[in-house]
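Only one structure is covered here, and it is reproduced in the block below.
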Amino acid sequence: MSGALSVVPAGVVDGKDVYKLFDYCREHKFAIPAFNITSSSTANAALEAARDAKSPLILQVSQGGAAYFAGKGLPNDKQQASIAGAVAAANHVRSVAHLYGVPVVLHSDHCAKKLLPWFDGMLDADEAYFKKEGKPLFSSHMLDLSEEPKEENIATCKKYLARMAKIGVWLEMEIGITGGEEDGVNNEGVDNAALYTQPEDIWDIYREFSEITPNFSIAAGFGNVHGVYKPGNVSLKPELLAKHQAYVREQLKTDKELPVFLVFHGGSGSEKHEITTAVKNGVVKMNVDTDTQFAYLEGIRDFVLNKKDYLMTQVGNPEGKQAQQKAIRPPRLGPRGRKDNVEALHDRLRGLALCWKALGTTQAFFRGPLILSAET
247 MSGALSVVPA GVVDGKDVYK LFDYCREHKF AIPAFNITSS STANAALEAA RDAKSPLILQ
307 VSQGGAAYFA GKGLPNDKQQ ASIAGAVAAA NHVRSVAHLY GVPVVLHSDH CAKKLLPWFD
367 GMLDADEAYF KKEGKPLFSS HMLDLSEEPK EENIATCKKY LARMAKIGVW LEMEIGITGG
427 EEDGVNNEGV DNAALYTQPE DIWDIYREFS EITPNFSIAA GFGNVHGVYK PGNVSLKPEL
487 LAKHQAYVRE QLKTDKELPV FLVFHGGSGS EKHEITTAVK NGVVKMNVDT DTQFAYLEGI
547 RDFVLNKKDY LMTQVGNPEG KQAQQKAIRP PRLGPRGRKD NVEALHDRLR GLALCWKALG
607 TTQAFFRGPL ILSAET
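Going by the working numbering, the sequence shown opens with residue 247, and the numbers climb by one from there.
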């Protein structure tokens, strides 16, 4: 057994294994892609791509995506649909992930202050699962209180982190705002200065959180924007992450090159050199959503366009007036279509060079946004 599977098992990882996996990423300088899922079909597509690429994977649900998983017809005034959908998604992934033979981190995405009842509901589910199974339902959760004052952000995260540490759940937090729009939170008009986190902020978080547990990561702002924009419209500065690491290293008086686990938000549409620089500076998780949303749409769009003459009526098509359409239009064929979603996920996995680096496979590593070699 080699690569990531030498330190963690296949299937959903939790507790100390999440730390081991991210530490392996940090040591070998690669990032695991985090794909948002909204259904069993999107989860399965990501798992299939990870299996074929022999890559670890992070599957995450947003508050809106979780509500969709449960059913958009449900009321959600108290986050009940989002809680139920997140739990349903987690149970689905836990049921099948081990069959794909790769490590999987099961995560919840951005939770703003107004969505804390959703967070509480997921933690309740984690604790109930832990009581029964000896492990939490989710591997990790994200609190995004970046719009709140720094002191409130840190204090609230610490309160939750203390609760999460008891059952081995990892915490991802955000400091510095990610621009653009994501899951109903619109930061398109935010002051550009707020998009760039300062080294002192990273140290304050690291110092406070380390009093509780080492199981946390920081999504630091370096100009990140959700969505895909025209070249030149987004000014990413991943080189700033090196300054964050250096500052924390200096405060700790340690020789450890990358003391902080960092996260890259708004990864869709990023340039190769930006990803490479971010990963070199300690990014172990990279969020990708917009790219795969479009890939999913492409699969359905092209299926409908290519088969439109077969989809207009239940009986009758170009092959005959009485020809049946049933074999052409089962619900399972639309999302599967041309497997565009799987192929798009493959591209991102290749781009992050995970198939060679993560599991130590003897396959030739792929050339993509991040180019790694055996000497890296």
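Just so you know, even glycine gets a beta-carbon here, dropped at the ideal spot from N, CA and C.
From a predicted model like this one, the values you see are computed outputs, not experimental measurements.
- With respect to the 8 Å criterion, Tyr270 and Val253 are classified as neighbours on the basis of their beta carbons.
- Taking 8 Å as the cut-off, the beta carbon of Glu418 is found no closer than this to the beta carbon of Ala466.
- Counting along the chain, the unbroken alpha helix (DSSP H) around Met368 starts and ends at Leu362 to Glu379.
- Here Arg453 is exposed. Its C-beta has fewer than 16 other C-beta atoms within 10 Å.
- In this chain, Glu418 is not harboured by any alpha helix (DSSP H); it is covered by the beta strand (DSSP E) spanning Trp416 to Ile421.
- Exclusion of the five residues before and after Lys396 leaves no residue of its chain whose Cβ lies closer than 6 Å to its Cβ.
- Per DSSP, Val259 is not a residue of any beta strand (DSSP E), being assigned neither H nor E.
- Within the same chain, Cβ atoms closer than 8 Å to the Cβ of Leu391 are found at Ala358, Lys359, Glu398, Asn399, Thr402, Cys403, Met419 and Glu420, the five residues on either side in sequence being excluded.
- Looking only at Lys489, Leu305, Gln560 and Asn470, the smallest Cα-Cα distance to Phe281 is reached by Leu305.
- Judged by DSSP secondary structure, Gln568 falls within the beta strand (DSSP E) whose first and last residues are Gly566 to Gln570.
- Between Ser308 and Asp355, the CB-CB gap stays under 8 Å.
- Between Ala313 and Asn322, the gap from beta carbon to beta carbon is short of 8 Å.
- DSSP, read as helix, strand or coil, puts Leu303 in strand.
- A straight line joining the alpha-carbon of Val530 with that of Arg272 spans about 6 Å.
- Val348 is positioned such that its CB atom lies closer than 8 Å to that of Pro302.
- The three-state reading of DSSP puts Val550 in helix, counting H, G and I together.
- CA-CA distance, Asn290 to Leu498, rounds to 42 Å.
- Residue state for His353 is assigned as strand, using DSSP reduced to three classes.
- Counting along the chain, no beta strand (DSSP E) covers Pro445; the unbroken alpha helix (DSSP H) around it starts and ends at Pro445 to Ser456.
- In the same chain as Glu446, and ignoring 5 residues on each side of it, the C-beta atoms closer than 8 Å to its own belong to Tyr493, in chain order.
- Taking every protein chain shown into account, the CB of Gln560 has fewer than 16 other CB atoms within 10 angstroms, so this residue is exposed.
- Annotation: Ala569 to Ser516 spans about 47 Å, alpha carbon to alpha carbon.
- In this structure, His490 lies away from Val509, with their beta-carbon atoms at least 8 Å apart.
- Within the segment 263 to 314, the runs of alpha helix (DSSP H) at least 4 residues long that lie entirely inside it are, in chain order, 286 to 299.
- In the displayed model, Phe507 falls within coil according to three-state DSSP, outside both helix and strand.
- Among the bridge pairs identified by DSSP, His490 is matched with none.
- Between the C-alpha atoms of Val339 and Thr523 there is a straight-line separation of about 32 Å.
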